[in-house]
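As structure tokens, the structure follows; a few thoughts come after it.
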Amino acid sequence: MNPQIQALFDLQKRDRQLHVLERKLDLIPKRLVELDEDMKKLAKMLEGEQKKCEDTRAFQRTHERALAEEEEMLKNSRAKMGQVKNPRELSAIQREIESTRRMANTRTEEINKIKAAVEETETKLEGMRASFEDIRGKADAEAERLRKAQTKLEAKLAKLETNRKDLKGQVELDTIRTYERIRKRVGGMAFVAASEGRCTACKMHVPHQTFVALRKGEEIHSCESCGRLLFWKGLFPEDEATGEPKAKAAPEKRAAKASPSA
Ligand SMILES: [Zn+2]
84 MNPQIQALFD
94 LQKRDRQLHV
104 LERKLDLIPK
114 RLVELDEDMK
124 KLAKMLEGEQ
134 KKCEDTRAFQ
144 RTHERALAEE
154 EEMLKNSRAK
164 MGQVKNPREL
174 SAIQREIEST
184 RRMANTRTEE
194 INKIKAAVEE
204 TETKLEGMRA
214 SFEDIRGKAD
224 AEAERLRKAQ
234 TKLEAKLAKL
244 ETNRKDLKGQ
254 VELDTIRTYE
264 RIRKRVGGMA
274 FVAASEGRCT
284 ACKMHVPHQT
294 FVALRKGEEI
304 HSCESCGRLL
314 FWKGLFPEDE
324 ATGEPKAKAA
334 PEKRAAKASP
344 SA
């Protein structure tokens with residue numbers, strides 16, 4: 084066989100591998116950004132809850148200060164009780180004490196409610212912090228795994244690129260140019276098999292003489308219909324990706340027909 088045919092065949096293989104690798108590599112930075120954004124969102128949520136809890140605690144302190152003042156007032160009023168000069172003054176102080184006491188009682192109830200709310204929020208926060216740490220640990224591990232995969236893929240890619248250059252050097256420049264042009268145009272296979280007198284990509288007939296030449300494995304010809312470069316299928320019998328679409332499995336079709344919903 085003409086070594087250029089083998090080289091072009093191998094080159095196409097490398098190109099397909101490169102394409103797959105590049106797509107995989109493209110996904111990694113995107114995934115890393117997503118992970119980072121997810122963690123930022125979670126951190127912001129946690130921060131918001133913490134702030135709420137702090138605000139509630141500040142509210143509790145304000146009430147506690149007011150309660151202390153009310154208790155001070157009660158103490159003063161009680162002290163004044165010993166110095167009353169007449170029943171009118173006594174009843175005024177009693178009223179004052181009663182009203183302050185009511186205020187203090189209401190406030191104590193309010194403080195207890197706030198305390199319960201703070202406790203509840205703190206429990207919730209504790210849970211949130213624990214799951215945040217858990218998620219962060221997993222995200223860090225995932226990022227680490229992705230970075231390692233990226234390094235590996237990049238090394239593989241570099242190797243393939245070098246190999247690809249070597250192979251390109253083994254094929255005539257004109258042929259390489261045609262190959263690259265068609266690859267761009269069809270967005271895929273540019274070197275395809277000819278089988279039973281037809282191009283397996285476009286299914287059109289290959290002139291008899293061309294097919295005979297292809298079978299000898301000495302020349303590379305273009306398909307007159309689609310322009311793809313051709314090789315005889317028999318040269319690479321083990322190759323599965325020769326441009327032929329995969330035959331559909333008949334049992335699946337039967338199964339689909341048997342199903343009432345289909
Ligand atoms: Zn064709």
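Heads up, the sequence shown is in this note's numbering, so the first residue is 84 and it goes up one at a time.
All C-beta atoms in this analysis are idealised placements derived from N, C-alpha and C, irrespective of residue type, glycine included.
Checklist entry - Going along the chain, which residues of its own chain have a beta-carbon closer than 8 Å to the beta-carbon of Glu-105, five neighbours each way excluded? => result Position 22 of the sequence shown, counted from the first residue, corresponds to residue 105. Closer than 8 Å at the Cβ level, and outside the excluded window around Glu-105, lie Leu-240.
Next on the checklist: I need the residues with a C-beta less than 6 Å from some heavy atom of ligand 1; please give them in chain order.
Outcome noted: My final list is Cys-282, Ala-284, Cys-285, Met-287, Cys-306, Ser-308, Cys-309, Arg-311.
Checklist entry - Which value, in whole angstroms, describes the spacing of the CA atoms of Leu-173 and Lys-134? => result Locating residue 173 in the sequence shown gives position 90, where the first residue counts as 1. Locating residue 134 in the sequence shown gives position 51, where the first residue counts as 1. CA-CA distance, Leu-173 to Lys-134, rounds to 48 Å.
Next on the checklist: So, at 7 Å on beta carbons, what are the nonlocal neighbours of Phe-92 in its own chain, with the 5 sequence-adjacent residues on each side left out?
Outcome noted: For the purposes of this step, residue 92 is taken as residue 9 along the sequence shown, with counting starting at 1. Leaving aside the five residues that flank Phe-92 on each side, the residues in its chain whose CB is nearer than 7 Å to its CB run, in chain order, Phe-274, Phe-314, Phe-319.
Next on the checklist: My assumption, with CB atoms under 8 Å, is that Glu-132 sits in contact with Leu-236. Please give the rounded CB distance.
Outcome noted: Here residue 132 corresponds to residue number 49 of the sequence shown, with the count starting at 1. Here residue 236 corresponds to residue number 153 of the sequence shown, with the count starting at 1. Glu-132 to Leu-236, Cβ: 39 Å. No contact.
Checklist entry - Hey, Leu-101 and Arg-247 are a contact pair by Cβ (cut 8 Å); roughly how many whole angstroms apart? => result Position 18 of the sequence shown, counted from the first residue, corresponds to residue 101. Position 164 of the sequence shown, counted from the first residue, corresponds to residue 247. Indeed, because the Cβ distance is near 7 Å, the residues count as touching under 8 Å.
Next on the checklist: Taking 9 Å as the threshold (C-beta atoms), are Gln-87 and Gln-253 in contact?
Outcome noted: The residue given as residue 253 occupies position 170 in the sequence shown. The residue given as residue 87 occupies position 4 in the sequence shown. Closer than 9 Å, so yes.
Item to check | Cβ-based burial, Glu-117 [other Cβ within 10 Å; buried from 16] | outcome: In the sequence shown, residue 117 corresponds to position 34, counting from 1. Per the 10 Å Cβ criterion, exposed.
Checklist entry - Between Thr-191 and Leu-150, which are expected to be in contact by the criterion C-beta below 8 Å, what is the C-beta distance as a whole number of angstroms? => result Along the sequence shown, read from residue 1 onward, the residue named residue 191 stands at position 108. Along the sequence shown, read from residue 1 onward, the residue named residue 150 stands at position 67. Beta-carbon to beta-carbon, Thr-191 and Leu-150 are separated by about 7 Å, close enough to satisfy the 8 Å threshold.
Item to check | Between the CA atoms of Asp-217 and Ala-276 - distance to the nearest angstrom | outcome: By 1-based counting over the sequence shown, the position of residue 276 is 193. By 1-based counting over the sequence shown, the position of residue 217 is 134. Near 54 Å, if we compare the C-alpha coordinates of Asp-217 and Ala-276.
Item to check | Option in His-304, Ala-224, Arg-311, Glu-205 with minimal Cα separation from Leu-129 | outcome: Indexing the sequence shown from 1 puts residue 129 at position 46. Measuring C-alpha to C-alpha distances from Leu-129 to each of His-304, Ala-224, Arg-311, Glu-205 identifies Glu-205 as the nearest.
Next on the checklist: Could you check whether the stretch 254 to 268 touches the stretch 137 to 147, counting it as contact only if at least three pairs of C-beta atoms, one from each stretch, sit closer than 8 Å?
Outcome noted: No: the two stretches stay apart, fewer than three of their Cβ pairs being nearer than 8 Å.
Next on the checklist: I believe Ala-238 touches Leu-115 by the beta-carbon criterion, under 8 Å. Please report the beta-carbon distance rounded to the nearest angstrom.
Outcome noted: Here residue 238 refers to the residue found at position 155 of the sequence shown. Here residue 115 refers to the residue found at position 32 of the sequence shown. Actually they do not touch by this definition, with Cβ atoms about 18 Å apart.
Checklist entry - In whole angstroms, what is the alpha-carbon distance linking Ala-141 and Glu-153? => result Translated into positions along the sequence shown, residue 141 becomes position 58. Translated into positions along the sequence shown, residue 153 becomes position 70. If you take the alpha carbons of Ala-141 and Glu-153, they lie about 19 Å apart.
Checklist entry - For the alpha helix (DSSP H) that contains Phe-142, what are its first and last residues? => result Your numbering for residue 142 matches position 59 in the sequence shown. For Phe-142, the enclosing alpha helix (DSSP H) has its first and last residue at 86 to 164.
Checklist entry - Grouping DSSP H, G and I as helix and E and B as strand, with all else coil, what is Ser-308? => result Counting from 1 along the sequence shown, the entry for residue 308 is found at position 225. In the structure shown, the three-state DSSP call for Ser-308 is coil.
Next on the checklist: So, with DSSP's three-state summary, where would you put Glu-216?
Outcome noted: For the purposes of this step, residue 216 is taken as the residue at position 133 of the sequence shown. Assignment of Glu-216 by DSSP, reduced to helix, strand and coil, places it in the helix class.
Item to check | Distance CB(Ile-303)-CB(Thr-258) smaller than 9 Å | outcome: To locate residue 303, count along the sequence shown from 1; it is residue 220. To locate residue 258, count along the sequence shown from 1; it is residue 175. The answer is yes: Cβ separation under 9 Å.
Checklist entry - Lys-316 to Ser-278, Cα distance in whole Å? => result Translated into positions along the sequence shown, residue 316 becomes position 233. Translated into positions along the sequence shown, residue 278 becomes position 195. Between Lys-316 and Ser-278, the C-alpha separation is close to 6 Å.
Next on the checklist: Tell me the DSSP secondary structure of Phe-319 in three-state form.
Outcome noted: For the purposes of this step, residue 319 is taken as the residue at position 236 of the sequence shown. Here Phe-319 sits in coil by DSSP.
Item to check | Cut-off 7 Å between Cβ atoms - residues of its own chain near Leu-125, not counting five sequence neighbours on either side | outcome: Here residue 125 refers to the residue found at position 42 when the sequence shown is read from its first residue. Same-chain partners within the cutoff: Phe-215, Ile-218.
Checklist entry - Taking all protein chains shown into account, do 16 or more other C-beta atoms lie within 10 angstroms of the C-beta of Asp-138, making it buried, or fewer, making it exposed? => result In the sequence shown, counting from the first residue as 1, residue 138 sits at position 55. With fewer than 16 Cβ atoms within 10 Å of its Cβ, Asp-138 is classed as exposed.
Item to check | Rounded straight-line distance, which links the Cα of Ala-224 to that of Glu-155 | outcome: The residue labelled residue 155 in the question sits at position 72 within the sequence shown. The residue labelled residue 224 in the question sits at position 141 within the sequence shown. Whole-angstrom Cα-Cα distance: 58 Å.
Checklist entry - When the Cα atoms are used, what is the spatial distance from Cys-309 to Lys-127? => result For the purposes of this step, residue 309 is taken as residue 226 along the sequence shown, with counting starting at 1. For the purposes of this step, residue 127 is taken as residue 44 along the sequence shown, with counting starting at 1. If you take the alpha carbons of Cys-309 and Lys-127, they lie about 57 Å apart.
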